[in-house]
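Under the UniProt record's numbering, the letters of the sequence shown match residues 1 to 324, in that order.
Note that beta-carbon positions come from the ideal geometry of N, C-alpha and C, so glycine has one too.
Keep in mind that this is a model prediction, so the values were computed, not measured.
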Amino acid sequence: MIALIICSFFIAPPNLEVQAAGEEEHLPERMELFKKMEAATQIPWYYLAAVDQYERSLRFSRKDLPKPENPISIYFPDSEWAGPLNPDPQDTNPKTITLFEGIGVDGNSDGIADRNDDEDVLAAFAHYILRYGIDEDNFKIALWNYYQRDKSVSMIMGKAKLYKNYGHLDLGGKAFPLPLRFNYSYKNTWGDARGWGGRRIHEGTDIFADYGVPVRSTCYGVIEMKGWNRFGGWRLGIRDINNTYHYFAHLSGFAKDLKVGQTVEPGMLIGGVGSSGYGPPGTSGKFPPHLHYGMYKDNGYTEWSFDPYPYLRVWERQEHQKKR
């Protein structure tokens, strides 16, 4: 079970529906920049897109990073851009930046290395990647040396797989986890006390339905985890492009051929409602059948649970509207 962690500089994620709506207008411009950099460096566009989306999500989920204002969201602090020993942290001269070992470069040949210019920012990260190589293994090494965190590398590679598979950037769509044609009920249970296995809080929303009712992916994402947990029984974890982890527990079983590392999309069958859990593998029937659905946010340092109920209501309402 993922611990609930609250730190002073972490904030709950914003309304993802509002965030996604504001991002849509930048998608064509962003893709054009990625393709242009791919042509110049041979770095696959989906690698660049994955890094950019990872950093965009960080900037929306933390107080210590400025919110993105440009289409490209890769962020370099002044000292990293200009060089740690550069007496001018706002330096935009490519020659002196190179002298002080800054990462900043002139990506659009205007003679200025501007960390607020999308082409310069993207070129700077591309030049960093080129120090290692553009094949997958070297790209992963470059990512680890840059972020110093295995989970960050894993999330970026997952996003790259999604972008490569689907061939576009618009992967923010969502779906309600159960088909609306079935009978189900749920209320806001996030934060309620739980006693089995020790004192803890409920990190999700319980959606009660009949045994075997189909459970669907709520997002475009990559399956990070599949198997048994003594709390959640048969459970599945999916990571979406916003660094959010979607957790499905107490399943009766999994969809055929579903495996870790596989990409999924909104509405795709992943399992069935069950009552598994609260014991060793195979334990079932200790509570009425239901889906435990949880959401967790990763901000580059840690991961914490947040209330999925408002999101479920939005996705449910959107599906009802589509059927009208």
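Quiz prompt | Residue(s) in a DSSP beta bridge with residue 209 | solution = 184
Exercise. Please classify residue 145: is it buried, with 16 or more other beta-carbons within 10 angstroms of its beta-carbon, or exposed?
Key: With fewer than 16 Cβ atoms within 10 Å of its Cβ, residue 145 is classed as exposed.
Exercise. For residue 297, write down the residues that DSSP places opposite it in a beta bridge.
Key: According to DSSP, which records beta bridges pairwise, residue 297 is partnered with 244, 304.
Quiz item: Are the beta-carbon atoms of residue 207 and residue 128 separated by less than 8 Å?
Solution: The answer is no: Cβ separation not under 8 Å.
Quiz item: Can you list, in chain order, the residues of its chain whose CB lies under 8 Å from that of residue 288, leaving out five sequence neighbours each side?
Solution: 208, 275
Self-check item: Counted within 10 angstroms of its Cβ, other Cβ atoms place residue 107 as buried (16 or more) or exposed
Solution: buried
Quiz item: Can you tell me the Cα-Cα spacing of residue 260 and residue 226, whole angstroms?
Solution: Distance from the CA of residue 260 to the CA of residue 226, rounded to the nearest whole angstrom, comes to 6 Å.
Quiz prompt | Residue(s) in a DSSP beta bridge with residue 139 | solution = None, per the DSSP bridge assignment.
Self-check item: Rounded separation between residue 305 and residue 153 - CA only
Solution: 21 Å
Practice problem: Indicate the three-state DSSP secondary structure (helix, strand or coil) for residue 265 in the structure shown. | Solution: In this structure, DSSP gives residue 265 a state outside helix and strand, which the three-state scheme calls coil.
Exercise. Return helix, strand or coil for residue 80, following the three-state DSSP convention.
Key: helix
Quiz item: Taking just the CA atoms, how far does residue 103 sit from residue 125?
Solution: 8 Å
Practice problem: Would you mind working out which of 113, 79, 279 sits nearest residue 92, comparing C-alpha positions? | Solution: 113
Practice problem: Look up residue 158 in the DSSP assignment and say whether it is helix, strand or coil. | Solution: For residue 158, the secondary structure class from DSSP, reduced to helix, strand or coil, is helix.
Quiz prompt | Identity of the residue in 171, 173, 210 nearest residue 183 by Cα | solution = 210
Quiz prompt | Candidates 284, 316, 258, 52, of which the one nearest residue 143 by Cα | solution = Comparing C-alpha distances from residue 143 to each of 284, 316, 258, 52 shows the shortest one belongs to 52.
Self-check item: Contact belief for residue 163 with residue 204 at Cβ below 8 Å, rounded distance in angstroms
Solution: Not confirmed; about 28 Å, so no contact.
Self-check item: Enclosing beta strand (DSSP E) for residue 228 [first to last residue]
Solution: From DSSP, the beta strand (DSSP E) with residue 228 extends over 221 to 229.
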